[in-house]
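Chains as they are written, first to last, in the working numbering: chain P, 5 to 98; chain S, 2 to 197.
Pasting the structure below:
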């Protein structure tokens, strides 16, 4: 979505998330999630954090984002945080 | 929103036309291409909310229309987990979680009409820390600001925090830049002849 088209939308219908403001569709978002998974699997955790932080900011209501953050926490040895993010993921999926 | 991930074909030796990588390219192009900057888009969004704030009745109507029932349930769940995460000191303990939580706080800005000022406070404090994920004290200040502004929930507070919110928008753009930078690196590596 461009700035101009955003401005032309009725106020009540304007974006709920930054992802929507940016006009990112499901396939594109899924590709970015897949990239984050690949970074995690490859041990590139710092890069994964940057990507996941961006994706969480784009769409905090996407359960997959929090599932990956949960994975990250488990890899970092933070089970309590991992459990919270797992719960968040389930809540967003409900 | 549920999003199922496509086959993970980054770095795959067998994928000749990787659909996931193509989509990732589209994702990056859409963000870093010729479209308006995130700062411009979010500034416009925030200005809408500032205008709505000129009338409390108008603001309430705006939020009622904007936040659907299902979305409201998710918001309530989000707030519950946000409180649980922020109260347990993860921000101060772990740099990587500080970054994730910072992103989450910024994400809530365009979601609710009154949240811009709240989230802006966090963004400003995080930005003020110099490097996200490093300053314990700054994060504690940010957390305190969130609590204070959430308690206020007033139009006046929203107006008073315009500058702070704009700083929050700046922090949002920084998160986006970091994400896109990492994804571009992935794409470049995949297209590098030496790495094929």
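C-beta atoms are modelled at their ideal positions from N, C-alpha and C, and glycine is treated no differently. In this text the structure is predicted, and so the values were computed from the model without any measurement.
In the three-state DSSP reduction, residue 21/P falls in the coil class, being neither helix nor strand.
Under the three-state reduction of DSSP output, residue 78/P falls in the helix class. Nearest Cα to residue 34/P within the set 103/S, 24/S, 33/S: 24/S.
For residue 77/P, same chain residues with a beta-carbon under 8 Å away, outside a window of 5 residues either side, are 83, 85, 86, 89 in chain order.
In terms of beta-carbon proximity, residue 177/S lines the interface with chain P, with at least one pair separated by less than 9 Å. Contact between residue 56/P and residue 72/P holds: their C-beta atoms lie close to 6 Å from each other, under 8 Å. Contact annotation, residue 78/S with residue 95/P: C-beta distance approximately 4 Å; criterion of less than 8 Å satisfied. Nearest in C-alpha terms to residue 31/S, of all of 75/S, 81/S, 184/S, 108/S, is 184/S. Between residue 64/P and chain S, the shortest Cβ-Cβ separation is below 9 Å. Looking only at 58/P, 66/P, 75/P, the smallest Cα-Cα distance to residue 107/S is reached by 58/P. A direct Cα-to-Cα measurement between residue 84/S and residue 105/S gives close to 12 Å. In the displayed model, residue 48/P falls within coil according to three-state DSSP, outside both helix and strand. Close partners of residue 78/S in chain P (Cβ separation under 8 Å): 92, 95, 96, 98. The criterion of a C-beta distance shorter than 9 Å is not satisfied by residue 28/S and residue 80/P. Residue 174/S does not reach chain P, its nearest Cβ partner there being about 10 Å away, counting only Cβ pairs nearer than 8 Å. Non-local C-beta neighbours of residue 23/P in its own chain, meaning closer than 6 Å and more than five positions away in sequence, comprise 62, 63, ordered along the chain.
Collapsing the DSSP output to three states places residue 26/P in a helix. Residue contact check for residue 189/S against chain P: no CB pair falls below 9 Å. Residue 28/S carries a helical assignment under DSSP once its states are collapsed to helix, strand and coil. Remark: C-beta atoms of residue 52/P and residue 40/P approach each other more closely than 9 Å. Residue 100/S holds the alpha-carbon nearest to the alpha-carbon of residue 176/S among 100/S, 75/S, 81/S, 89/S. Only residues of its own chain outside the window of five on either side were considered, and among them 96 have a CB closer than 6 Å to the CB of residue 65/P, listed in chain order. The criterion of a C-beta distance shorter than 9 Å is not satisfied by residue 25/P and residue 75/P.
Looking at the backbone, the Cα of residue 46/P and that of residue 28/P are separated by about 25 Å. Against chain P, the beta carbon of residue 31/S has neighbours under 8 Å at 26, 27, 28, 32, listed in chain order.
Listed by position along chain S, the residues whose Cβ is nearer than 8 Å to that of residue 86/P form an empty set, because the closest Cβ is around 10 Å away. By the neighbour-count definition (other C-beta atoms within 10 Å, threshold 16), residue 98/P is an exposed residue. Shown here, residue 63/P sits in coil according to DSSP, grouped into three states, outside any helix or strand.
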